[in-house]
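Engineer:
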Amino acid sequence: MKAWRLGWARGVVELRQSFSNGGDLVSHFLWPVLMLVALFFLRDREFAGTGILLGTLALPSILGMNAAMGMVSMSQQLTADREDGTLLRAKATPYGVQAYLVGKVVSVAGGLIADLVILFVPAMFLVDGLVFTPLSLLSLLGVLLLGLVATLPIGAILGSAFPSARAQGLVQLPVLAMIAISGIFYPLTALPGWVQVVAQFSPIYWLGLGTRSALLPDATVVVEAGESWRSVETVLVLGAWAVVGLLIAPVLLRRMARRESGSSVAVRREKALQRVG
0 MKAWRLGWAR GVVELRQSFS NGGDLVSHFL WPVLMLVALF FLRDREFAGT
50 GILLGTLALP SILGMNAAMG MVSMSQQLTA DREDGTLLRA KATPYGVQAY
100 LVGKVVSVAG GLIADLVILF VPAMFLVDGL VFTPLSLLSL LGVLLLGLVA
150 TLPIGAILGS AFPSARAQGL VQLPVLAMIA ISGIFYPLTA LPGWVQVVAQ
200 FSPIYWLGLG TRSALLPDAT VVVEAGESWR SVETVLVLGA WAVVGLLIAP
250 VLLRRMARRE SGSSVAVRRE KALQRVG
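As structure tokens, this is what we get:
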């Protein structure tokens, strides 16, 4: 419990700091602004003459995609903290590693929720045809929370696997590729069959499907695979990703923390200075 309390306090401080400096503020607002621009150009376009607007389909999907991007944020921050010695300093204090991990989850999840609000509030006035009822908003919240539980451990696994911030490009490229084929900006049914199969192995697709089922009217289900929201399958797939991540991530993170030492941090810092030089 002490580790949880320390971690919560640490996470709140990190989250507050992210809204008090220019670089992090740009990060919080840049992606939502870009998504709003995309929605602006999609808002009046129809999908295949169905009368269903692409902007209406895209907004819930973008919310799910933003939640899934937490895995990239988690991975990047873990790797950066390993490289600059933050994790090593946490290791040297009582409950330090446990509190560090709890704090990282709090700060990353809190930042994602703030980014979703920054996007969602103006987008509600930009896009028509969404369903806003207490039940739909509750369903949206449930899907997003389940999505965070499913994707943040994946980010922790990726963060423990890559030794340097420079290698994080290897994480972003496949994630961006999965976003491109996961029905976020265009319905999955419009893509080739083999692409549809590959996309459905990704939590990004199921997050987008879950958010669409929460906010879109029932008539729009005709553009989905199998013309069904597949709510049960969404919960099962995201739940499976969450279970696998929660089982593997703590093992890898403990192993990563044990391997941290002053000499390993010094070597990584020297390599970083050589790249800068």
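Residue 0 is where the sequence shown starts when you use numbering that gives the first Met the number 0, and the numbers rise one by one after that. All C-beta atoms, glycine included, are put in the ideal place defined by N, C-alpha and C.
Can you tell me the Cα-Cα spacing of residue 118 and residue 13, whole angstroms?
Structural biologist: The alpha-carbon atoms of residue 118 and residue 13 are separated by roughly 21 Å.
Engineer: Have a look at residue 5 and residue 154 and give me their C-alpha separation to the nearest angstrom.
Structural biologist: Taking the straight line from one Cα to the other gives about 22 Å.
Engineer: Terminal residues of the continuous alpha helix (DSSP H) containing residue 230?
Structural biologist: Element bounds for residue 230: 230-258.
Engineer: Run the proximity test for residue 220: is its beta-carbon closer than 8 Å to any non-hydrogen atom belonging to the ligand FMN?
Structural biologist: The ligand FMN is absent from the structure shown, which contains no ligand whatsoever.
Engineer: Hey, how far is the Cα of residue 52 from the Cα of residue 115?
Structural biologist: Roughly 21 Å separates the two Cα atoms.
Engineer: Who pairs with residue 52 in a beta bridge, going by DSSP?
Structural biologist: Paired residues: 45.
Engineer: Check residue 94 in the structure and name its three-state DSSP category.
Structural biologist: Coil.
Engineer: Going by beta-carbon coordinates alone, are residue 183 and residue 102 separated by less than 9 Å?
Structural biologist: No, the Cβ-Cβ distance between residue 183 and residue 102 is not below 9 Å.
Engineer: What is the rounded straight-line gap between the Cα of residue 148 and the Cα of residue 94?
Structural biologist: Their backbone Cα atoms lie some 23 Å apart in a straight line.
Engineer: Please specify which runs of the alpha helix (DSSP H), each continuous and at least 4 residues long, are wholly inside the stretch 158-230, giving them in chain order.
Structural biologist: List check, alpha helix (DSSP H) in window: 168-179, 192-198, 202-214.
Engineer: As a quick exercise: from 36, 37, 74, 17, pick the residue whose alpha carbon is nearest that of residue 171.
Structural biologist: Cα-wise, what sits closest to residue 171 is 74.
Engineer: CB-CB under 6 Å to residue 96, same chain, minus the five flanking residues each way: which ones, in chain order?
Structural biologist: Same-chain partners within the cutoff: 89, 90, 256.
Engineer: Secondary structure at residue 78, three-state DSSP: helix, strand or coil?
Structural biologist: The answer is helix: DSSP assigns residue 78 an H, G or I state.
Engineer: Any chance you could list the alpha helix (DSSP H) runs of at least 4 consecutive residues sitting entirely within the stretch 8-45, in chain order?
Structural biologist: Segments of the alpha helix (DSSP H) lying fully in the stretch 8-45: 21-41.
Engineer: Straight-line CA distance for residue 156 to residue 193?
Structural biologist: Those two C-alpha atoms are separated by around 27 Å.
Engineer: CB residue 85 to CB residue 143, shorter than 9 Å?
Structural biologist: Cβ atoms of residue 85 and residue 143: not closer than 9 Å.
Engineer: What three-state label does DSSP hand residue 114 in the structure shown?
Structural biologist: The answer is helix: DSSP assigns residue 114 an H, G or I state.
Engineer: If you compare alpha carbons, which of 35, 226, 110, 208 is closest to residue 16?
Structural biologist: The option with the nearest alpha carbon to residue 16 is 110.
Engineer: Between the alpha carbons of residue 258 and residue 245, how many angstroms are there, rounded?
Structural biologist: Whole-angstrom Cα-Cα distance: 21 Å.
Engineer: For residue 254, count the other beta carbons within 10 Å of its own beta carbon; 16 or more makes it buried, fewer makes it exposed. Which is it?
Structural biologist: Exposed: under 16 other Cβ atoms inside 10 Å.
Engineer: On a Cα-Cα basis, can you pick out the residue from 146, 250, 203, 221 that is closest to residue 158?
Structural biologist: When only C-alpha atoms are compared, the closest one is 250.
Engineer: Could you give the C-beta distance for residue 122 and residue 38, rounded to a whole number, given that I count them as a contact under 8 Å?
Structural biologist: At roughly 6 Å, the Cβ-Cβ gap stays under 8 Å, so residue 122 and residue 38 are in contact.
Engineer: Suppose the cutoff is 7 Å on Cβ atoms and the five residues either side in sequence are ignored; what does the same chain contact list for residue 291 look like?
Structural biologist: Since the displayed the chain opens at 0 and closes at 276, residue 291 lies outside it and no answer follows.
Engineer: So what does DSSP say about residue 132, is it helix, strand or coil?
Structural biologist: Coil.
Engineer: Hey, out of 187, 252, 11, 139, whose CA is closest to residue 160's CA?
Structural biologist: Closest by alpha carbon: 252.
Engineer: Whose C-beta lies closer than 8 Å to the C-beta of residue 137 among residues of the same chain, with five residues either side of it excluded?
Structural biologist: Excluding residues within five positions, none has a Cβ falling inside 8 Å.
Engineer: Count the other CB atoms, across all protein chains shown, that sit within 10 Å of the CB of residue 65; report buried if there are 16 or more and exposed otherwise.
Structural biologist: Buried, since its Cβ has 16 or more Cβ neighbours within 10 Å.
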